[in-house]
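**Q** Submitted below is the structure of interest, expressed as structure tokens.
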Amino acid sequence: MFSPVDHKEENIKTIFSYIIVITLLFSSKVSAINIISNLTADTTSLSVAQLRRIYSMRQAHWHNGIPIVVYVLASKNPLHQQFCREQLRLFPYQLDRIWHKLTFSGYGVAPIEVDTQQALIEAVKTTKGAIGYVENISEVKNVNIIKVED
Amino acid sequence: MLTSLKLRIKTAHFNQSIFISACSLCFSVGLNAAEVNVEPLQVHGFVAQGIIDVDHSNFVNESENISLELTEVGINASYQLNDDFRLAGQAVYLNGGNRYAAGSRIDYLLLEWDAAHNENWQTSFYFGRVKNNHWLYSSARDIPFARPSIIISQVTYFDGLRDLAVGGDGAAVKVKYNNDELGEFDLNFSRGKSPISGKQVDIIAGKQAQGQLKHDLDAQLSIYWRPSFSAWQFGLSANDASFSYHSAQMDAYVNSDFTLQFYTANALYEGEFWQLSAEIIQERLVTQGFYFPGFHRDQIGQGYYLQARYQVDNDLSVQLRTERYYSNKDDKNGSKLAQVSGGLVPSYFAFHNDLMLGMSYDFTNNFRVNAEYHWVEGTARLSPIVQPDPIANNSKNWQVWAIQLMYWF
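Chains A and B, in that order, give the protein sequences.
Start counting the first sequence at 1; every next residue gets the next number (the numbering used here).
Start counting the second sequence at 151; every next residue gets the next number (the numbering used here).
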């Protein structure tokens, strides 16, 4: 049988366990994702449907007629996976299927894959009509920040 | 490596006045970096090698030994000429043993014209050698990592007719329409002919056929619909093709005409853990001549497959597929076929049923292994189809296992 003291210790342990689990859950999550574009793109907001169209290569031009150049990180990159799920509401493999089909059938081109987030930011900054995503917008300058609306 | 290739940025050539204007613009909007166009050339490719073993059929080879005839290599390039025109081409080397003619070929080589577009519509025309883009996996059937398994369903993607079905020389048009309420629509139409080599004639009609097979006409239409924000996609396709056989002086067969009408309906579900896909087909094959002058046969074949993939974790998935096909809907068990041939062609040549269990594991973003096992009943999807080979395929039940490693960039 447990004594009242044992019960108290048990409760404290349980509370600590919950705190640790909750802390771990939040710490393992990547912070909010921002969509960025090159300054030549004349758009500062997109609907989720429009963003999906751009990343599934169904919309190839900005409103001002400039061709859209799509940049991504590798399919298994955690930031890319989070971007797909949260911003596009798609699973990464769905985009892979669409892009592979375009690339290897000749009916289109896939987004340009870069190795790091820094490379992605530089590519968006310097490439006419480019679009991409970043984890932390505070240190990124000279790009459009695109608001995604439902 | 290739990422850096893709990232190479064109050197901008400014004359003095443009440079001054550009500088003014930069200052006015606070730009630090130059804005340049993206590199117009993209290069991608793949290499896949596997081992395959078939027992009790000549699906891959006559010896039924373990084989390395599971090689697929491809390289493609896309070059954006300007805002409206793009050139693209892909060369592949394929070796699947008896499944299709081994060797190199130009898979596609086309000029794309982006004829009209806005935020909701996109209409593009393609001229040259274009791929069949009408069935669920037709444009990805030779791409090891883009198709669902090493051997995809032979109901729709029968290897014996691969070279006729994979595409052709002609033109295609693709219209994409996006509607926030109704979803995404794709309309595809193509018209073209496939060149047919002597090796391909052997695969379709057998080595006794000495003549030439010509693809006279091929028109295909398909429509796809994905409801807005839905995990489902639905598609329909129709194909009308005609072929003619021109017999040689010393030939077992006579001049003939073939008409093939092929219809498919498909559905695809893409959930977080489960992917489901299904396709049903109906094919009408009219044969006029070939076996002897005046011969006429008009028969309708039907089939379907159901496929389920479960994503175990980020890298590992398992897959189960069942498929069923019969070449004559009025003779599903093949009794008439055996009777008409006087017992020379066994009844199991009238149908094809396959149960497949497979797995896929990703080592990295672009390096994967696929493995699968097939339990097959019936030989209706074995080559040559025009003249069945009951000596090589003397068993109703046969099995296949295969493991394939693949890398792509």
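The beta carbon of each residue, even a glycine, is placed where N, CA and C say it ideally should be.
From a predicted model like this one, the values you see are computed outputs, not experimental measurements.
1) Which residue wins for smallest C-alpha separation from Leu-51 of chain A, given the options A:Glu-86, A:Thr-116 and A:Leu-79?
2) Determine the direct distance from the alpha carbon of Ala-500 of chain B to that of Tyr-243 of chain B, and round the result to whole angstroms.
3) Go ahead and pull the three-state DSSP assignment for Tyr-71 of chain A.
4) What is the rounded straight-line gap between the Cα of Tyr-413 of chain B and the Cα of Asn-338 of chain B?
5) For Glu-149 of chain A, count the other beta carbons within 10 Å of its own beta carbon; 16 or more makes it buried, fewer makes it exposed. Which is it?
6) Identify the continuous beta strand (DSSP E) that holds His-396 of chain B and give its terminal residues.
7) In the region 242-265 of chain B, which residues sit with their C-beta less than 9 angstroms from some C-beta in chain A, listed in chain order?
8) So with CB distances below 7 angstroms, who are the chain B contacts of Lys-101 of chain A?
9) Given this structure, state the Cα-to-Cα distance separating Arg-376 of chain B from Phe-384 of chain B, to the nearest angstrom.
10) Taking only beta-carbon atoms, is Gly-132 of chain A less than 8 angstroms away from chain B?
11) Using beta-carbon positions only, say whether Val-186 of chain B and Thr-126 of chain A come within less than 8 angstroms of one another.
12) When we look at the beta-carbon of His-502 of chain B and count the other beta-carbons within 10 Å, is it buried (16 or more) or exposed?
13) Between Ser-394 of chain B and the rest of its own chain, which residues show a CB-CB distance below 6 angstroms, the 5 nearest in sequence each way excluded?
14) Please list the terminal residues of the continuous alpha helix (DSSP H) segment that includes Arg-97 of chain A.
15) Any beta carbon from chain B within less than 8 angstroms of Ser-138 of chain A's own beta carbon?
16) Can you name, in chain order, every residue of its own chain whose Cβ lies under 7 angstroms from the Cβ of Ser-378 of chain B, other than the five neighbours on each side?
17) Give a yes or no on whether the C-beta atoms belonging to Gln-117 of chain A and Leu-88 of chain A are separated by under 8 angstroms.
18) Are the C-beta atoms of Lys-343 of chain B and some chain A residue less than 8 angstroms apart?
19) Candidates B:Arg-297, B:Phe-209, B:Lys-324 and B:Pro-294: which alpha carbon is nearest Ala-265 of chain B's?
20) Skipping 5 residues on each side, what residues in its chain have a beta carbon closer than 8 angstroms to that of Ile-131 of chain A?
21) What are the residues in the region 390-417 of chain B lying within 9 angstroms of chain A by C-beta distance?
22) Output the distance between the C-alpha atoms of Tyr-276 of chain B and Gln-469 of chain B, rounded to the nearest integer angstrom.
23) Residue range of the beta strand (DSSP E) that Tyr-133 of chain A falls in?
24) Cβ of His-61 of chain A within 8 angstroms of Cβ of His-206 of chain B?
25) Quick one: list the residues of chain B neighbouring Ser-37 of chain A, beta-carbon separation under 8 angstroms, in chain order.
**A** Working from what's here:
1) Ranking the options by Cα distance to Leu-51 of chain A, first place goes to A:Glu-86.
2) Take the alpha-carbon of Tyr-243 of chain B and the one of Ala-500 of chain B: they are about 32 angstroms apart.
3) Strand, per DSSP.
4) Going by C-alpha positions, Tyr-413 of chain B is about 14 angstroms away from Asn-338 of chain B.
5) That one is exposed.
6) His-396 of chain B -> beta strand (DSSP E) spans 382-396.
7) Residues passing the 9 angstroms Cβ filter: Asp-257, Tyr-258, Leu-259, Leu-260, Glu-262 and Asp-264.
8) Per Cβ cutoff of 7 angstroms: Ser-289, Ala-290 and Ala-296.
9) Rounded to the nearest angstrom, the two C-alpha atoms are 6 angstroms apart.
10) At a cut-off of 8 angstroms between beta-carbon atoms, Gly-132 of chain A makes no contact with chain B.
11) Remark: C-beta atoms of Val-186 of chain B and Thr-126 of chain A approach each other more closely than 8 angstroms.
12) Taking every protein chain shown into account, the CB of His-502 of chain B has 16 or more other CB atoms within 10 angstroms, so this residue is buried.
13) So the qualifying residues of the chain are Lys-364, Asp-366 and Asp-407.
14) Residues 92-105.
15) No, Ser-138 of chain A lies away from the interface with chain B (no Cβ there is under 8 angstroms from its Cβ).
16) Asp-330, Glu-331, Leu-332 and Gly-333.
17) The Cβ atoms of Gln-117 of chain A and Leu-88 of chain A do not sit closer than 8 angstroms to each other.
18) No - not a single Cβ of chain A is within 8 angstroms of the one on Lys-343 of chain B.
19) Taking only the C-alpha atoms, the option nearest Ala-265 of chain B is B:Lys-324.
20) Residues Ile-35, Ile-36, Ser-37, Asn-38, Ala-41, Ile-54, Ile-68, Val-69, Val-70, Tyr-71, Val-124 and Ile-146 of the same chain have their beta carbon placed closer than 8 angstroms to that of Ile-131 of chain A, with the five preceding and five following residues left out of the count.
21) Going along the region 390-417 of chain B in chain order, one finds no residue with a Cβ nearer than 9 angstroms to chain A.
22) If you take the alpha carbons of Tyr-276 of chain B and Gln-469 of chain B, they lie about 35 angstroms apart.
23) First-last of the beta strand (DSSP E) with Tyr-133 of chain A: 130-134.
24) Between His-61 of chain A and His-206 of chain B, the C-beta gap is not smaller than 8 angstroms, which leaves the two residues out of contact.
25) What Ser-37 of chain A touches in chain B: nothing, since even the nearest Cβ is about 11 angstroms away.
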